[in-house]
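K.L.:
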DNA sequence: CAAACATATGAACAAATGCTCATATGTAAA
DNA sequence: TTTACATATGAGCATTTGTTCATATGTTTG
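Protein chains in written order, with our numbering: chain A, 28 to 146; chain B, 28 to 146.
1. With a threshold of 8 Å on Cβ separation, who are the neighbours of residue 63(B) within its own chain once the five nearest residues in sequence on each side are excluded?
2. Beta-carbon separation of residue 78(A) and residue 124(A) under 8 Å?
3. Where does residue 60(B) land, buried or exposed, given buried means 16+ other C-beta within 10 angstroms?
4. With a 10 Å radius around its C-beta and 16 neighbouring C-beta atoms as the bar for buried, classify residue 109(A) as buried or exposed.
5. By DSSP's criteria, residue 87(A) is part of a beta bridge. Which residues make up the other side?
6. Is it a yes or a no for the region 89-105 of chain A touching the region 41-54 of chain A, going by three-plus beta-carbon pairs under 8 Å?
7. Which bits of chain A does residue 142(B) rub up against, with CB to CB less than 7 Å?
8. Taking the beta carbon of residue 50(A) as the centre, do at least 16 other beta carbons fall within 10 Å, making it buried, or is it exposed?
9. What does residue 76(B) reach in chain A if we use C-beta pairs closer than 8 Å?
10. In the DSSP assignment, the beta strand (DSSP E) including residue 55(A) goes from what residue to what residue?
11. Give me the chain B residues within the contact set of residue 115(A), using Cβ-Cβ distance strictly less than 8 Å, ordered along the chain.
12. Given a cut-off of 8 Å on the beta-carbon distance, is the pair residue 80(B) and residue 114(B) in contact?
13. In chain A, what lies closer than 8 Å to residue 40(B) by C-beta?
14. Counting only beta-carbon atoms, is residue 62(B) nearer than 8 Å to chain A?
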């Protein structure tokens with residue numbers, strides 16, 4: 028067999044097999060990107076805190092800002108990201124907009140995360 | 028009752044109740060930070076791809092680099108982050124270092140993420 | 001309609017992030 | 001010990017990200 032560029036670890040069979048398995052089981056490029064994008068949303072403590080508030084109740088923007096002691100603008104920007112990624116829903120009631128959790132995956136994902144860091 | 032600074036939405040009782048609930052159920056500052064830190068790790072498609080390879084087998088660094096068509100250095104940097112957050116373990120065998128999944132929370136978290144984006 | 005309130009949004013800026021490049025460390029073979 | 005291979009790591013750089021500030025949009029009330 029001709030030498031292959033980039034071979035390493037002195038193994039040859041394992042590479043082929045590994046590459047085959049990876050090709051078979053690795054999700055599509057776009058799914059990988061979407062997955063990373065989703066977790067990026069959970070990767071900010073402000074958004075995590077917003078979600079913890081929404082675990083308890085449906086809350087309007089200014090209440091969120093007050094509960095988390097942050098600017099209305101900062102909260103609003105983050106809510107937009109949460110909504111774009113379908114983690115929250117919004118409902119207008121008069122001048123206020125109330126936000127709530129979109130589905131239970133959010134709870135599950137965060138619960139698993141907590142389990143992990145508690146070891 | 029004296030007017031409170033920062034009141035909003037023309038409600039008063041709800042605020043107090045909300046703030047109480049939030050104080051009771053919101054995790055500690057450090058846990059929130061750690062949680063966000065953990066999800067940040069999942070929030071990069073390179074690291075996600077590494078994890079998908081490790082779902083299938085214990086793999087050494089250069090094989091990972093080859094399978095994902097990336098630099099050894101880039102992979103090594105990301106593996107360090109994965110290891111710091113206890114998502115992977117490593118084991119030295121001669122010149123090579125083999126990486127493997129640390130525990131099943133990783134699988135669960137990613138599985139939940141996939142479910143979410145598939146709606 | 002105008003004024004007040006609640007929310008959304010664009011620009012700007014500082015901080016964090018991921019890759020590359022060069023090089024250091026660690027291990028095995030000659 | 002020297003050489004070669006596998007991995008780790010620090011510095012530098014371009015990109016992304018979260019907040020602030022100013023302002024726009026949307027809604028209710030006077």
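Even for Gly, the Cβ is constructed at its ideal location relative to N, Cα and C. In this text the structure is predicted, and so the values were computed from the model without any measurement.
P.N.:
Reading off the structure:
1. Stepping through the second chain from its first residue, residue 63(B) is reached at position 36. Here the set comprises nothing.
2. Translated into the one-based positions of the first chain, residue 78(A) becomes position 51. Translated into the one-based positions of the first chain, residue 124(A) becomes position 97. With a cutoff of 8 Å on beta-carbon distance, residue 78(A) and residue 124(A) are scored as not near each other.
3. Sequence index remark: in the second chain, residue 60(B) carries index 33 (1-based). Residue 60(B) should be labelled exposed.
4. Working through the first chain from its first residue, we reach residue 109(A) at position 82. Its Cβ being crowded by 16 or more others within 10 Å, residue 109(A) is buried.
5. Walking along the first chain from the start, residue 87(A) turns up at place 60. Partner(s): 125(A).
6. No, the region 89-105 of chain A is not in contact with the region 41-54 of chain A.
7. Against the second chain, residue 142(B) aligns to sequence position 115. Residues of chain A passing the Cβ test: 132.
8. On the first chain, position 23 is the one that residue 50(A) refers to. Around the C-beta of residue 50(A), fewer than 16 other C-beta atoms lie within 10 Å, and the residue is accordingly described as exposed.
9. Position 49 of the second chain holds residue 76(B). Residues of chain A passing the Cβ test: 53 and 59.
10. In the first chain, the residue the question calls residue 55(A) occupies position 28. Counting along the chain, residue 55(A) falls outside any beta strand (DSSP E), and DSSP gives it neither H nor E.
11. As a position in the first chain, residue 115(A) is number 88, starting the count at 1. In chain order: nothing, as chain B lies at least about 13 Å away.
12. Here residue 80(B) refers to the residue found at position 53 when the second chain is read from its first residue. Here residue 114(B) refers to the residue found at position 87 when the second chain is read from its first residue. Judged by beta-carbon spacing, residue 114(B) lies beyond the 8 Å limit of residue 80(B), meaning their Cβ atoms are not closer than that value.
13. Position 13 of the second chain holds residue 40(B). Counting only Cβ-Cβ distances below 8 Å, residue 40(B) has no contacts in chain A at all, with the closest Cβ about 12 Å away.
14. As a position in the second chain, residue 62(B) is number 35, starting the count at 1. At least one beta carbon of chain A lies nearer than 8 Å to the beta carbon of residue 62(B).
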